[in-house]
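First comes the structure, then the notes that go with it.
Quick look at the structure:
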């Protein structure tokens, strides 16, 4: 399951980041978004969502959200 299919307000654990773009992978890693870390969707918007990772809140688009795989 990817982040696009997650429920708002529920905490998930990141299983993997599935992308072939090294720059995108490095960007997500710099946010603290990597395997084993908790992530919560705060709200959804038409073009993406607001997520909480560690102590920060970030706006990510649907392309990024689709690359973030979650544990069920």
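In the numbering used here, the protein residues as written are 23 to 94. We treat Cβ as the ideally placed atom computed from N, Cα and C, and that holds for glycine.
Counting along the chain, the unbroken beta strand (DSSP E) around residue 33 starts and ends at 33-39. Around residue 91, the same chain offers 24, 37, 38 and 40 as residues with beta carbons nearer than 6 Å, after the five sequence neighbours per side are excluded. Here the C-alpha atom of residue 46 lies approximately 17 Å from the C-alpha atom of residue 26.
Taking a C-beta distance under 8 Å as the contact criterion, residue 76 and residue 54 qualify as a contact pair.
Listed in chain order, the beta strand (DSSP E) runs fully inside the region 24-84 are 33-39, 60-67, 70-75 and 78-83, counting runs of at least 3 residues.
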